[in-house]
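Each number in our numbering comes from the position in the sequence shown (counting from 1) with 38 added on.
Where a beta carbon is used, it is the ideal one built from N, C-alpha and C, also for glycine.
One structure is given here, and the rest of the page talks about it.
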Amino acid sequence: SYLLSLATAGNYPVLAAGILPCFWVYDDVGTRLKAAVGDLSTHPYGDWIATYGDPDFTAATDTARDIVDHLADQASPGTLARMHTAFHRATQYEWMFWDAAHRQETWPI
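Given below as C-alpha cells:
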C-alpha cells in the first residue's frame, strides 16, 4: 500500500502529509452525507456516516491539518517537496477510490 511504503521510508513529516487526505476527504464526505441524509437510524451506512460526520472527527481532522502545517513549517525544502508529493498522490488515491464507487467499477479479478 502507498501509506505503508511511506511509513517504511521512516520520514514522519512525509507520512503525516500522506495520511492527511484520508482524514480530510472522509471528514468532508461524512459531513456532507450526514447533512443530506438526516435520520441515520434506518440508513444502511448510518454508522459509517455518523462516525465520519461527527464533529469529533472534524476536530481530529483539524488537528491533523495543524500537525502537518507545523511539520511543513519546520521541514527542509527537500522534505517539503516530498510532503507535497505524498499529499498529492494520496489525494489521487482517495479520488480514485470514491470515483470507482461512483462509477460502480467492476474488477475483472
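- Under the three-state reduction of DSSP output, G116 falls in the helix class.
- If you draw a straight line from the Cα of A124 to the Cα of A73, it comes to about 30 Å.
- The DSSP-derived three-state label of L42 is helix.
- Counting C-beta atoms within 10 angstroms of its own C-beta, L44 has 16 or more neighbours from the protein chains shown and is therefore classed as buried.
- Taking the Cα of D107 as reference, the smallest distance to any Cα among Y83, N49 and M121 is reached at M121.
- In the three-state reduction of the DSSP assignment, D92 falls in the coil class, being assigned neither a helical nor a strand state.
- By the neighbour-count definition (other C-beta atoms within 10 Å, threshold 16), G68 is a buried residue.
- In its chain, beyond the 5 residues on either side, H81, G84 and I87 have a beta carbon closer than 8 Å to the beta carbon of V75.
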